[in-house]
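S.K.: As given, the protein sequences belong to chains A and B, one line each in that order.
Here the first sequence is numbered in our numbering, starting from 1 and rising by one per residue.
Here the second sequence is numbered in our numbering, starting from 250 and rising by one per residue.
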Amino acid sequence: MKITPGGVVAAEWTKFSSLRSTWITTGISVLLLIVFGTIASASFSGDSLSAVDLALSGSTLAALAVGVLGALLAASEYTTGMIRATLAAVPRRLPVLWSKSLVAGLAALVVMTAGAFAAFALGSAVLNQDVGALGLGDDGVVRALVGAGLYLGLVAVLGVALGMLVRSSAGAIAILAGVLLIVPGLAALLPDAIADAITPYLPSNAGSAVMTLTQGEGTLAPWTGLAVFAGYVVVTLGVAAYRLKKSDA
Amino acid sequence: MIQVREVTKRYGAKTVVDHLSFTAKPGKVTGFLGPNGAGKSTTMRMIVGLDAPNSGDVLVNGKPYASSQAPLHEIGVLLEAKAGHPGRTAVSHLLALARTHGIPRSRVDEVLELAGLSAVAHKRVGAFSLGMGQRLGIAAALLGDPAVVMLDEPVNGLDPEGVLWVRNLLSGLAAEGRTVMLSSHLMSEVSLIAEHLIIVGRGKLLADTTVADLVTAEGVRVVTPAPDALRTLIGGPDVTVTSTGAEELFVTGRTTREIGLAAATRGIPLFELTSQNASLEEAFMDLTRDAVEYEAAR
Ligand SMILES: Nc1ncnc2c1ncn2[C@@H]1O[C@H](COP(=O)(O)OP(=O)(O)O)[C@@H](O)[C@H]1O
Ligand SMILES: [Mg+2]
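#1: Please return the same chain residues whose Cβ sits closer than 8 Å to the Cβ of residue 475/B, not counting the five positions on each side in sequence.
#2: Residue 1/A by DSSP, collapsed to three states: which one?
#3: Between residue 270/B and residue 454/B, what straight-line distance do the alpha-carbon atoms span, to the nearest angstrom?
#4: Nearest by alpha-carbon distance to residue 91/A: which of 340/B, 335/B, 337/B and 349/B is it?
#5: Tell me the start and end of each unbroken alpha helix (DSSP H) in the stretch 494-526 of chain B that is at least 4 residues and wholly inside, in chain order.
#6: For residue 367/B, which of helix, strand or coil comes out of DSSP?
#7: If the cut is a Cβ gap below 8 Å, which residues of chain A does residue 329/B touch?
#8: Checking the sheet assignment: what are the DSSP bridge partners for residue 430/B?
#9: Check the Cβ of residue 300/B against every Cβ in chain A and list those closer than 8 Å, keeping chain order.
#10: Any beta carbon from chain A within less than 8 Å of residue 349/B's own beta carbon?
#11: Compare the C-alpha of residue 105/A against each of 59/A, 153/A and 116/A and name the closest.
#12: Any beta carbon from chain A within less than 8 Å of residue 403/B's own beta carbon?
#13: Beta carbon of residue 283/B: closer than 7 Å to some heavy atom of ligand 1?
#14: Count Cβ pairs between the stretch 314-327 of chain B and the stretch 273-285 of chain B that sit closer than 8 Å; are there 3 or more?
#15: With a threshold of 7 Å (Cβ to nearest heavy atom), would residue 289/B be considered close to ligand 3?
#16: When the Cα of residue 434/B is compared with those of 521/B, 396/B, 426/B and 288/B, which residue comes out closest?
#17: Taking only runs of the beta strand (DSSP E) that begin and end inside the stretch 285-345 of chain B, which ones reach a length of at least 3 residues, in chain order?
#18: Just by C-beta distance, which residues in the stretch 334-349 of chain B are closer than 9 Å to chain A?
#19: For the beta strand (DSSP E) that contains residue 455/B, what are its first and last residues?
#20: Which of the three DSSP states, helix, strand or coil, is assigned to residue 546/B?
#21: What did DSSP end up calling residue 194/A once you bin it into helix, strand or coil?
#22: Is residue 240/A near residue 161/A, with beta carbons less than 8 Å apart?
#23: For the candidate residues 524/B, 299/B and 357/B, whose alpha-carbon lies nearest to that of residue 87/A?
#24: When you compare each of 213/A, 25/A, 30/A and 41/A to residue 124/A by their alpha carbons, which one comes out closest?
#25: Establish whether the CB of residue 168/A and some CB of chain D are separated by less than 8 Å.
#26: Comparing alpha-carbon positions, which option in 395/B, 425/B, 459/B and 401/B lies nearest residue 314/B?
#27: For residue 76/A, name the three-state secondary structure that DSSP assigns.
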């Protein structure tokens, strides 16, 4: 009997999968992605957006939902007092953070990638005639759909990091919503020169780059954008790890 | 074994644990006593590394807890009742802890059975009473078959049957050679289970003693048909003899043995010869009075 990295991951999976809220939040996330994608595909007419962009138009709300999933998983350790049992069992602490991130991230990646493909399939079936139909063989389509899964997986990890960092569900969710939804809006209020320079690098804009089929001006290249977003996640995880290791539980 | 060595913990400007040192040894039940706010829970959190001491250190089985390869096998702890996600079932809660160490599912069922929770194993923890929460916490503490079992106020919220269960469980664990430590703010809860007592107040060690030693003989009650003869017989410089009834005396400064022997040499009949002990409760109150008053005055 001893602590193993695999054991800690298995433990975190047990915690994750044994909560009803996990299944509800995951269900809502994937539903948002599919329903919004399908509705947008059916109703939009014009040539500014491709079939893939339309299929993934639920990704902003889905990102919020998977972020909440990660944040709740992490913050509930503190709000319920479970953290004491958790850290008494794993006194080195950091394996808990890595495992929680891995479990939430992988679960979101798998489910949301499937959701992205489902949204694209359903969206294509009901696609408005004015929008050019696309197939999986077309340039960038698979990249955008897989990219959506990767981005949403990373958002779940960001949620975990924020939850462990601020130790409160409401606080973590507020920060998450602020970063993903409100910051881009605030940036638009800055003088044009500054706004143009920083807008592509804002977390949600950078992350979304990988999901857009046609890169407009002021958008990072797909994988560059995802890498920038991953950078934000890594930094947040680092700060969360520091607090977990240094402060009293 | 738990070794707490010169541990100090401050929260802001307030010193909650103050240069505390004690050892809880294997094969014994150690009672950790003190009024509310004395720093017992804080000390216990420091023992398993949840809170870091400002100075001093703690060893569990001779080494720092975090360095262990199998922490749940070193020490099992109950830190507070209902420390678990209310939405999880008892089984899932224990399974999540067990998996960290590769402890098999069969052991989870075993500790649930031991804690009398088999019937509610698949109920959500949120629906548990305080007593059931305590039982679940104790089950969790025993998961890793630990060498040390440390429980913070384990009988809180338990019914009399539960209290008896805890008492038997802990004596059994100590008899198996494990180190057992439990905290309480009530002497009555601990004196029946523990032989070794660590008493703290305001974070400081007040006494490191045994139940037997804490009970100090106050005096001897004697019932005899010849009180005056006995009084002259046993009198002396440090002895006080007071008459408490027609045939009754209360003696301090002489043991029951001395009085009995003296009476026998003169053929004085004794109907009763009893040590009157200060109750444990009184001894505990005396020790902690200052600490309690300090708390109340603030
Ligand atoms: N995390 C904390 N932050 C600030 N003060 C604390 C914290 N934990 C405990 N205290 C204070 O430390 C003192 C000792 O608390 P505790 O260890 O719970 O005592 P006991 O378990 O003996 O009742 C109390 O005055 C309590 O208010
Ligand atoms: Mg306490």
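Idealized CB from N, CA, C, for every residue including glycine.
M.R.: From the atom records:
#1: Start at 1 with the first residue of the second sequence, and residue 475/B comes out as number 226. These residues qualify, in order along the chain: 517 and 518.
#2: If you number the first sequence from 1, residue 1/A lands on position 1. Here residue 1/A sits in coil by DSSP.
#3: Against the second sequence, residue 270/B aligns to sequence position 21. Against the second sequence, residue 454/B aligns to sequence position 205. Distance between the alpha carbons of residue 270/B and residue 454/B: 7 Å.
#4: Counting from one through the first sequence, the residue named residue 91/A turns up at place 91. Checking every option, the nearest Cα to that of residue 91/A belongs to 349/B.
#5: DSSP runs (the alpha helix (DSSP H)) wholly in the stretch 494-526 of chain B: 505-514.
#6: Indexing the second sequence from 1 puts residue 367/B at position 118. Looking at residue 367/B - three-state DSSP - the assignment turns out to be helix.
#7: For this step, residue 329/B is matched to residue 80 along the second sequence. Simply 81 and 84.
#8: If you number the second sequence from 1, residue 430/B lands on position 181. Bridge partners of residue 430/B: 279/B and 399/B.
#9: One-based indexing of the second sequence puts residue 300/B at position 51. 248 and 249, listed in chain order.
#10: The residue you call residue 349/B lines up with position 100 of the second sequence. Yes, contact with chain A.
#11: Position 105 of the first sequence holds residue 105/A. Residue 105/A has its Cα closest to that of 153/A, out of 59/A, 153/A and 116/A.
#12: Within the second sequence, the letter at position 154 stands for residue 403/B. Chain A, which has no Cβ nearer than 8 Å to the Cβ of residue 403/B, makes this no.
#13: Counting from 1 along the second sequence, the entry for residue 283/B is found at position 34. Yes - ligand 1 has a heavy atom lying nearer than 7 Å to the Cβ of residue 283/B.
#14: Judged by Cβ distances under 8 Å, the stretch 314-327 of chain B makes no contact with the stretch 273-285 of chain B, as fewer than three pairs qualify.
#15: As presented, the structure is devoid of ligand 3, carrying ligand 1 and ligand 2 as its sole ligands.
#16: By one-based count along the second sequence, residue 434/B stands at place 185. With distances taken between Cα atoms, residue 434/B lies closest to 288/B.
#17: Taken in chain order, the unbroken stretches of beta strand (DSSP E) that lie wholly in the stretch 285-345 of chain B and span 3 residues or more are 304-309 and 324-327.
#18: Residues passing the 9 Å Cβ filter: 334, 335, 336, 337, 338, 340, 341, 342, 344, 345, 346, 347, 348 and 349.
#19: Taking the first residue of the second sequence as position 1, residue 455/B is located at position 206. Start and end: 453-459.
#20: Taking the first residue of the second sequence as position 1, residue 546/B is located at position 297. Note that residue 546/B scores a pLDDT of 49, beneath 50, so its modelled location is shaky and nothing firm can be said.
#21: As a first step, residue 194/A is located in the first sequence; it is residue number 194 there, counting from the start. DSSP places residue 194/A in the helix class (H, G or I) of the three-state scheme.
#22: The residue given as residue 240/A occupies position 240 in the first sequence. The residue given as residue 161/A occupies position 161 in the first sequence. In this structure, residue 161/A lies closer than 8 Å to residue 240/A by Cβ.
#23: Along the first sequence, read from residue 1 onward, the residue named residue 87/A stands at position 87. Selected option, being the one with the closest Cα: 299/B.
#24: For the purposes of this step, residue 124/A is taken as the residue at position 124 of the first sequence. For the options 213/A, 25/A, 30/A and 41/A, the alpha carbon positioned closest to that of residue 124/A is the one of 41/A.
#25: Of the protein chains in this structure, namely A and B, none is chain D.
#26: Start at 1 with the first residue of the second sequence, and residue 314/B comes out as number 65. Looking from the CA of residue 314/B, the closest CA among 395/B, 425/B, 459/B and 401/B belongs to 395/B.
#27: Within the first sequence, residue 76/A is the residue found at index 76, counting from 1. Helix, per DSSP.
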